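For reference, the structure is listed below as structure tokens.
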Amino acid sequence: MRTALFLLLLLAIAAVPGSLVPQRSSDPNGVQQYFANNPDLAPVLDSLQAFDVYTSAWFSAIYLLLFISLIGCVVPRTAHHYRALRSAPPKTPARLSRLAGFTTVWAPGVSATEAVESARGILKKSGYRVRLFESPRGDLSVSAERGYLRETGNLVFHTALVGVLVSVGIGGSFGYSGQKVIVEGDSFANVLLSYESFLPGRFFDESVLQPYRLTLDEFEAVYEQENPAARGQPVDYTASVTTYAPGSEAGTGAEIKVNDPLRLGGNDIFLLGNGYAPIITVRDGEGNVAFSDAVPFLPQDGNLTSIGVVKVPDALPEQIGMIGFLYPTQATLTTGALTSNYPDLLNPVLSLQVFTGDLGLDGGIPRSVYSLDTDGMTEVAGRTADAPPIQLTPGETIELPDGIGSVTFENAAPDAPADDLTGSVPRFVSLDIHRDPSQGWVLVFAILVLAGLLTSLFIPRRRVWVKAINDEDADGVRLEYAGLARGEDPTLDRAVREIADRHSQQLGIRLTT
Amino acid sequence: MTDLLVSSSLTAVWSAMGVYTLAFIMFTLDLAKRSAWAQQTPAAVTASASPRGQLAGATATIDRVNTDTAQKPLSLKFERIAFALTVLGWLVHTAAVVMRGIAQGYVPWSNMFEFSLTASAIIVGVFIAVQVWQNLRFLGSLITGFALIALGLATVNFYVDVKPLPPALQSSWLVIHVFVAVLGTSFFALGAGLSVVQLMQARAAAAKGAGLKFLQTLPGADVLENLAYRVVVVGFVFWTFTLIAGAIWAERAWGRYWGWDTKEVWTFIIWTIFAGYLHARATRGWRGSRSAWLAIIGFGAVLFNFTVVNLFFKGLHAYSGL
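Chains A and B are the protein sequences, given in the same order.
Numbering-wise (this note's numbering), the first sequence opens with residue -5 and increments by one.
Numbering-wise (this note's numbering), the second sequence opens with residue 172 and increments by one.
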């Protein structure tokens, strides 16, 4: 117990740092930020595995020791309990007066046999396992025990905790999780290459990926419009998709919502994020279309001011890179800076900083599509350039400075009335796609944990003795009652007294001496 | 209609606070009276149990925690008024919770303000309800004081207007997971209150009655420890359920049942502390004051999880509404 207590408290303390410092598992960007903000401290913390607390050597050591001590405790206890379950209650102690709830009652005109038989009946009916004894002096007694389920529950609880740990470990090893961004109208095929990011477990095997397909037909976001305190707050997100079983051309319609994932092909598909993906077309200085695509912009705030990057490696004579801000409903701050004051497309404006030069894509170094390395580039339109940033509304085209080309912010719904721009920019969703073969087992063990806990905490385990002592001088017996708690049992005294009460009633003793 | 309900709800909150303040004063006066009474007749009060011979001629049996001592004539009046005020305050408080819920059309525990509002109502409700089981009215000043602070912070610092429920919270697990978490919190609160009094009792016993006089009218440290245990155990079961229900919901909403989000971390830490508490009760040398400290630290962690983790830690449970 002392070991378990010590390790439990140690585990509680060891878990704290993981909430103070960002963790790679749950907040990788936060870790990067932390390194940037604390360049001296971060490497030291990193060497202590402070950014991976829950997989760190020291945290693992504590919980593994805890589980070893748990198993070392549960195994002998199971054997002991198995024997206890098969054996009758132990002999009645010689002196009951030292035990809990000790009560004596004088029962005139009652024989010892009669008293003990009646006590046995009462105890048996209350779920006790009973056994009769006769002492060398000839006193009869009942020895009774109940609540074996308490220990059973306790053992189930602890064993189920091991079950949870093991199935979590197995699930992590054979499962995987991946992320995919899909723009309205686009498709996703469930093969390794289509994932934007993919985290396989240790024993992941690519053959478990079922090559189904999924098309995002429409993403609908509903925002609060009436309530002034919550204007623009999202009320509902619905992704309408069509799914195709492997090798099949017949699609099935389905919906994915935030609390309602799609279960498909051994995967759970979750709707985690969404945003705008403006369609941008870039023509180079020679008039050729060098780029035309929907570019997912990452939302920065609740009103979906979004940042995106456009890279045009095929532009001639020089490569073009752009950093863009999309304001779904553009407004101007008192400082003159642009902002968005509503997340829907009421007045969409795209603002672009334009760079020319080397995009650095040919060096073989992996580059994020969401960031632009401007070191080897010259800003031609933007804050530090002669020309101001380019501002576009849907359908508008602007010539870039120095004749390097033009940019078009395409209107995705050109046929809509001029004052309705709500369909002018396609939306994208980011989906989390998971496979966890063991999570059903985790749930089963978690339920066992709870069931075991309930029985082990609320079923009292106790021994009760009733002894009938013959009195040679008078006609009657002196009855003695006592109990012994096995584990926590705050109501033992009362229980013994109640048994004494009922026994007296049954024997017809008046409750006086 | 919504505006009317919201403003009535707020009025009810302020009224409940007024009534709780009076109840708090009365409970405190009750403690003061107990002190005075203990000084007048020190010997009689210290008897920790009274024989209540259901079985006459039997050895004195300890009755359900000496309910009798709490009903000493002098303090009875203040305690009665205080308890009646607590019930009244709670009714008004509950009305505030219900009106808030009706006004927004979903359960009133989706942000910090509502959580404080509802949790404090449930804590007081549990306090009132357990009186049927045990007379724990001596905790009245602690509980009404706690409810007052919670309501004050909620209305002054955490208040947010009625807003539509964000998509992430649109789940029946919001009803179950959060409500059971509140229930667990209230039992932990009672357990911590009992443990505090238990520690005071233990100190007073060590100092041979030199401590606060009213303690002599309250149950002894052992009895308090048993009561605290029984209350904390209920809280622990609720907390275990909260953890499991939270994991199931997390799997549905975020795609993984456990991800060491800051709130998950602290829920786990609290669970581990109280698991430690249960083990401490069975460890030689840890019964008594040490396990009482664990119950208090555990409740401290619950409060930390609700306030500091919500407001200052980055995580997925970003529903404070602030």
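C-beta atoms are modelled at their ideal positions from N, C-alpha and C, and glycine is treated no differently.
On a predicted model such as this, the values are computed, not experimentally measured, just so you know.
Endpoints, the beta strand (DSSP E) within which residue i is located
i: T350 of chain A; result: V343 to G351
i: L134 of chain A; result: L134 to R140
i: K379 of chain B; result: Careful: K379 of chain B lies outside any beta strand (DSSP E) and carries neither H nor E.
i: S191 of chain A; result: S191 to P194
i: L266 of chain A; result: N261 to Y270
i: Y321 of chain A; result: Q313 to Y321
i: V306 of chain A; result: S300 to V306
i: R257 of chain A; result: L256 to L258
i: W100 of chain A; result: A94 to P102
i: F458 of chain B; result: Sequence check: residue 458 of chain B is Arg here, not Phe. It is not in any beta strand (DSSP E) - R458 of chain B carries neither H nor E in the DSSP assignment.
Beta carbon of residue i nearer than 8 Å to that of residue j
i: V10 of chain A; j: L39 of chain A; result: no
i: G523 of chain A; j: F285 of chain A; result: This structure gives no information on residue 523 of chain A, because the portion of chain A shown stretches from -5 to 507.
i: L340 of chain B; j: S281 of chain B; result: yes
i: L2 of chain A; j: L59 of chain A; result: no
i: T257 of chain B; j: T315 of chain B; result: yes
i: A187 of chain B; j: A267 of chain B; result: yes
Chain A residues whose Cβ lies nearer than 7 Å to that of residue i
i: H450 of chain B; result: M(-5), A(-2), L(-1) and L2
i: R423 of chain B; result: N253 and P255
i: F439 of chain B; result: A9
i: W457 of chain B; result: L(-1)
i: N397 of chain B; result: P484
i: F412 of chain B; result: L444
Amino acids of chain B, ordered along the chain, whose beta-carbon sits closer than 8 Å to that of residue i
i: H428 of chain A; result: G426 and R427
i: Q324 of chain A; result: Ordered by position in chain B, no residue passes the 8 Å Cβ test against Q324 of chain A, which lies about 24 Å from the chain.
i: E218 of chain A; result: K334 and P335
i: D34 of chain A; result: Per Cβ cutoff of 8 Å: no residues; D34 of chain A is ~22 Å from chain B at best.
Extent of the continuous alpha helix (DSSP H) to which residue i belongs
i: E396 of chain B; result: A392 to W425
i: M283 of chain B; result: M283 to V301
i: S41 of chain A; result: L35 to S41
i: P22 of chain A; result: P22 to N31
i: N464 of chain A; result: It is not in any alpha helix (DSSP H) - N464 of chain A instead sits in the beta strand (DSSP E) that spans R456 to N464.
Chain A contact residues for residue i, given Cβ-Cβ distances below 8 Å
i: G430 of chain B; result: S19 and S20
i: A339 of chain B; result: V252 and N253
i: S342 of chain B; result: N253
i: G447 of chain B; result: L(-1), L2, L3 and A6
i: K485 of chain B; result: P16, D21 and G24
i: V480 of chain B; result: S13
i: W464 of chain B; result: Per Cβ cutoff of 8 Å: no residues; W464 of chain B is ~11 Å from chain A at best.
Close Cβ partners of residue i (< 7 Å) along its chain, the five nearest in sequence each way excluded
i: D430 of chain A; result: G165 and G169
i: H152 of chain A; result: L64 and V68
i: A241 of chain B; result: In this prediction, A241 of chain B has a pLDDT of 45, which is less than 50 and means its spatial position is unreliable; what the coordinates show is noted afterwards. Excluding sequence neighbours, A241 of chain B sits near N306, R308 and F309.
i: M270 of chain B; result: L176, S179, S180 and A183
i: V158 of chain A; result: V436, F439, A440 and V443
i: T97 of chain A; result: Y475, V490, R491 and A494
Chain A residues whose Cβ lies nearer than 9 Å to that of residue i
i: Y400 of chain B; result: E482 and P484
i: V184 of chain B; result: The premise fails here: V184 of chain B is roughly 18 Å from chain A at the closest Cβ pair, so nothing lies under 9 Å.
i: D332 of chain B; result: N221, P222, A223 and A224
Neighbourhood of residue i by C-beta distance below 6 Å, restricted to the same chain and skipping five residues each side
i: G172 of chain A; result: Y189, F192 and I427
i: R457 of chain A; result: E139 and L478
i: L226 of chain B; result: Because L226 of chain B sits at a pLDDT of 38, beneath the cut-off of 50, its placement in the model cannot be relied upon, and the following sentence gives the value as read from the coordinates. If we look at L226 of chain B and ignore the five residues flanking it on each side, it has no Cβ neighbours.
i: A379 of chain A; result: E373
i: F409 of chain B; result: V351, L354 and G355
i: S81 of chain A; result: none
i: G376 of chain A; result: Q347 and P383
Proximal chain B residues relative to residue i, where beta-carbon distance stays under 7 Å
i: G172 of chain A; result: Within chain B, no residue comes near G172 of chain A; the closest Cβ sits about 11 Å away, beyond 7 Å.
i: P228 of chain A; result: P337 and P338
i: E111 of chain A; result: Here the premise fails: no neighbours, minimum Cβ distance about 21 Å.
i: V436 of chain A; result: Y428
Residues near residue i by beta carbon distance below 8 Å, same chain, minus five either side
i: K510 of chain A; result: With chain A represented from -5 up to 507, any question about residue 510 of chain A goes unanswered, as that position is not in the structure.
i: V303 of chain A; result: V289, G315, M316, I317, G318, V363, Y364, S365 and L366
i: V229 of chain A; result: V216, Y217 and E218
i: I468 of chain B; result: I444
Discussion item. So, does the segment 464 to 473 of chain A touch the segment 210 to 218 of chain A, judging by three or more C-beta pairs under 8 Å?
Written reply: No, the segment 464 to 473 of chain A is not in contact with the segment 210 to 218 of chain A.
Practice prompt. Answer yes if the segment 444 to 455 of chain A comes into contact with the segment 287 to 307 of chain A, meaning at least three C-beta pairs across the two stretches below 8 Å, and no otherwise.
Written response: The segment 287 to 307 of chain A vs the segment 444 to 455 of chain A: no contact.
Discussion item. Within 8 Å, do at least three Cβ pairs link the segment 430 to 450 of chain B to the segment 404 to 418 of chain B?
Written reply: Yes, they touch.
Fill in: Cβ contact check for the segment 338 to 357 of chain A and the segment 414 to 421 of chain A: 3 or more pairs under 8 Å
The segment 338 to 357 of chain A, when compared against the segment 414 to 421 of chain A, does touch it at the 8 Å Cβ threshold.
Worksheet item: At a cut of 8 Å, does the segment 186 to 201 of chain B reach the segment 309 to 324 of chain B through at least three beta carbon pairs?
Response: Yes, the segment 186 to 201 of chain B touches the segment 309 to 324 of chain B.
Practice prompt. Would you check if the segment 450 to 465 of chain B and the segment 21 to 35 of chain A touch, i.e. whether three or more CB-CB distances between them fall below 8 Å?
Written response: The segment 21 to 35 of chain A vs the segment 450 to 465 of chain B: no contact.
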